[in-house]
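Input: a single structure, listed below in structure tokens.
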Amino acid sequence: MNKLDSAKRLVVKIGSAILTDAVGIRESWLAALVEDIVALRASDKEVIVVSSGAVACGRLVLEAQHPGLKDRKLKLEEKQAAFACGQVTMMYAWQRAFAAHGTATAQILLTADDTENRRRYLNARNTLDNVLKFGAVPVINENDAISTQELRIGDNDRLGARVAQMAGADCLVLLSDVDGMYTADPRHDSSAEFLPEIHGITPEIEAMAGGSATLAGSGGMATKVAAARIALASGCHMAIVSGHGDHPLERLAEGGKATWFIAAKTPQNARKEWIAGTLKPSGAVTVDEGAASALKSGKSLLPAGVRKIEGSFERGDAIRVLNEAGREIARGLSAYGTVGAKAIAGRKSSEIEAILGFKGRDELIHRDDLVLL
Numbered sequence: 032m033n034k035l036d037s038a039k040r041l042v043v044k045i046g047s048a049i050l051t052d053a054v055g056i057r058e059s060w061l062a063a064l065v066e067d068i069v070a071l072r073a074s075d076k077e078v079i080v081v082s083s084g085a086v087a088c089g090r091l092v093l094e095a096q097h098p099g100l101k102d103r104k105l106k107l108e109e110k111q112a113a114f115a116c117g118q119v120t121m122m123y124a125w126q127r128a129f130a131a132h133g134t135a136t137a138q139i140l141l142t143a144d145d146t147e148n149r150r151r152y153l154n155a156r157n158t159l160d161n162v163l164k165f166g167a168v169p170v171i172n173e174n175d176a177i178s179t180q181e182l183r184i185g186d187n188d189r190l191g192a193r194v195a196q197m198a199g200a201d202c203l204v205l206l207s208d209v210d211g212m213y214t215a216d217p218r219h220d221s222s223a224e225f226l227p228e229i230h231g232i233t234p235e236i237e238a239m240a241g242g243s244a245t246l247a248g249s250g251g252m253a254t255k256v257a258a259a260r261i262a263l264a265s266g267c268h269m270a271i272v273s274g275h276g277d278h279p280l281e282r283l284a285e286g287g288k289a290t291w292f293i294a295a296k297t298p299q300n301a302r303k304e305w306i307a308g309t310l311k312p313s314g315a316v317t318v319d320e321g322a323a324s325a326l327k328s329g330k331s332l333l334p335a336g337v338r339k340i341e342g343s344f345e346r347g348d349a350i351r352v353l354n355e356a357g358r359e360i361a362r363g364l365s366a367y368g369t370v371g372a373k374a375i376a377g378r379k380s381s382e383i384e385a386i387l388g389f390k391g392r393d394e395l396i397h398r399d400d401l402v403l404l
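Residue numbers for the sequence shown, in this note's numbering: 32 to 404.
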């Protein structure tokens, strides 16, 4: 089941072993991949890139000046320095490849906290949305220059899944040095069978990956299964496909060999379930009859319809929406903290900038962040 055709927003993750070789960036391969991405964009698909390779590029830069670094493992602080040097090289390669097609790129560096802290998560999500809105291609990497944990091969598999979750993508493609998932490691077991399609992450699937997908690994299939768990929970399909050879995305689109992890729900449904059933509300707003009616018809909650604010909450926190009888009719993520929400309650959206001193969102809760109960 090829989910690439129906995807509207997809994340493509490129492994270091695919993007680089012993002398640096594989320029001709990258040019072919960018052609694939440009073709996908021409078919009205939004594409986000998650790219490894900075440490590999930076190591070559450092070794040219410090030959003693060759043929030995880098210490954590040396890897951080290599990342800082190599990220410039890697990003320049992406920028040139897309510029050849008149397409702008945007560099975004994330940390684990950016995907877990609610405010930073929302900021990163809004940045992604706006970069895509302006027609640029986001190129994302983990900010390993300031990471306090060891850099591990395969971490960007999980980063790709977190980005897909953050962006509300409906498809994640992992370009790897393997062509999919098997019942066992085919390099050591000749009886290993290829798995073209997987529905759900079971203990059996984890065992086939060589370990529990819930444990931190050092790369390999276990981290890909961990990524699949995140993606599927977010309503995002995921494919593992070989990145070897030119035009890997074109091959995938034409039905080429890959393992597809199939999500049981859409990103929109997964997000609504998360808002309604997972997040603990930090406050509540009471709305008038007109606002309650507007919400039922699928509209956002505007400040003008808000009559009362209760509780203490920050931007991005879940809050309850009550009608004038005190019954909860909806739940959503607030675009403003308590102080801002109280200041603009009952006022028109056109007045927000004058009241708060900055141009915020027109909605107190956007319809994409709201679920009716």
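Using N, Cα and C, we set each Cβ at its ideal position, and we do this for glycine too. These numbers come from a predicted model, not from an experiment.
Within 10 angstroms of its Cβ, does residue i collect 16 or more other Cβ (buried), or is it exposed?
i, result
"residue 228", "exposed"
"residue 364", "buried"
"residue 177", "exposed"
"residue 394", "buried"
"residue 158", "exposed"
"residue 292", "buried"
"residue 328", "exposed"
"residue 283", "buried"
"residue 334", "buried"
"residue 74", "exposed"
"residue 96", "exposed"
"residue 147", "exposed"
"residue 382", "exposed"
"residue 255", "buried"
"residue 289", "buried"
"residue 237", "buried"
"residue 404", "exposed"
"residue 220", "exposed"
"residue 161", "exposed"
"residue 193", "buried"
"residue 300", "exposed"
"residue 58", "exposed"
"residue 102", "exposed"
When the Cα of residue i is compared with those of the options, which residue comes out closest?
i, options, result
"residue 216", "204, 252 and 193", "252"
"residue 343", "53, 102 and 313", "313"
"residue 223", "239, 234 and 270", "239"
"residue 294", "237, 260 and 347", "260"
"residue 116", "85, 99, 136 and 145", "85"
"residue 71", "298, 38 and 58", "38"
"residue 90", "270, 96, 98 and 113", "113"
"residue 63", "76, 54 and 49", "49"
"residue 55", "87, 135, 65 and 385", "87"
"residue 36", "122, 57 and 286", "286"
"residue 143", "97, 166, 197 and 162", "197"
"residue 311", "381, 382 and 349", "349"
"residue 405", "68, 79 and 92", "There is no way to answer for residue 405, as the model of the chain reaches only from 32 to 404."
"residue 138", "163, 153, 152 and 131", "163"
"residue 154", "384, 386, 388 and 366", "366"
"residue 400", "359, 141, 305 and 374", "305"
"residue 130", "99, 65, 98 and 120", "65"
"residue 120", "384, 51 and 214", "51"
From the DSSP output, which residues share a beta bridge with residue i?
i, result
"residue 305", "In DSSP, residue 305 forms no bridge with anything."
"residue 383", "DSSP lists no partner for residue 383."
"residue 172", "140"
"residue 315", "341 and 351"
"residue 47", "Bridge partners of residue 47: none, in fact."
"residue 361", "352 and 403"
Within this structure, are the beta carbons of residue i and residue j separated by less than 7 Å?
i, j, result
"residue 402", "residue 362", "yes"
"residue 191", "residue 370", "no"
"residue 372", "residue 340", "yes"
"residue 325", "residue 354", "no"
"residue 258", "residue 156", "no"
"residue 268", "residue 34", "yes"
"residue 391", "residue 149", "no"
"residue 200", "residue 302", "no"
"residue 234", "residue 265", "no"
"residue 337", "residue 376", "yes"
"residue 262", "residue 195", "yes"
"residue 368", "residue 345", "yes"
"residue 187", "residue 83", "yes"
"residue 280", "residue 67", "yes"
"residue 204", "residue 307", "no"
"residue 78", "residue 132", "no"
Is any heavy atom in the ligand SAM found nearer than 6 Å to the beta carbon of residue i?
i, result
"residue 95", "Looking for the ligand SAM in the displayed structure turns up nothing, as the structure carries no ligands at all."
Touch check for the segment 117 to 134 and the segment 169 to 176: three-plus C-beta pairs under 8 Å? The segment 117 to 134, when compared against the segment 169 to 176, does touch it at the 8 Å Cβ threshold.
Counting pairs of Cβ atoms below 8 Å between the segment 198 to 210 and the segment 270 to 283, do you hit three or more? Judged by Cβ distances under 8 Å, the segment 198 to 210 makes contact with the segment 270 to 283, as three or more pairs qualify.
Is it a yes or a no for the segment 35 to 45 touching the segment 99 to 114, going by three-plus beta-carbon pairs under 8 Å? Cβ pair count under 8 Å is below three, so no.
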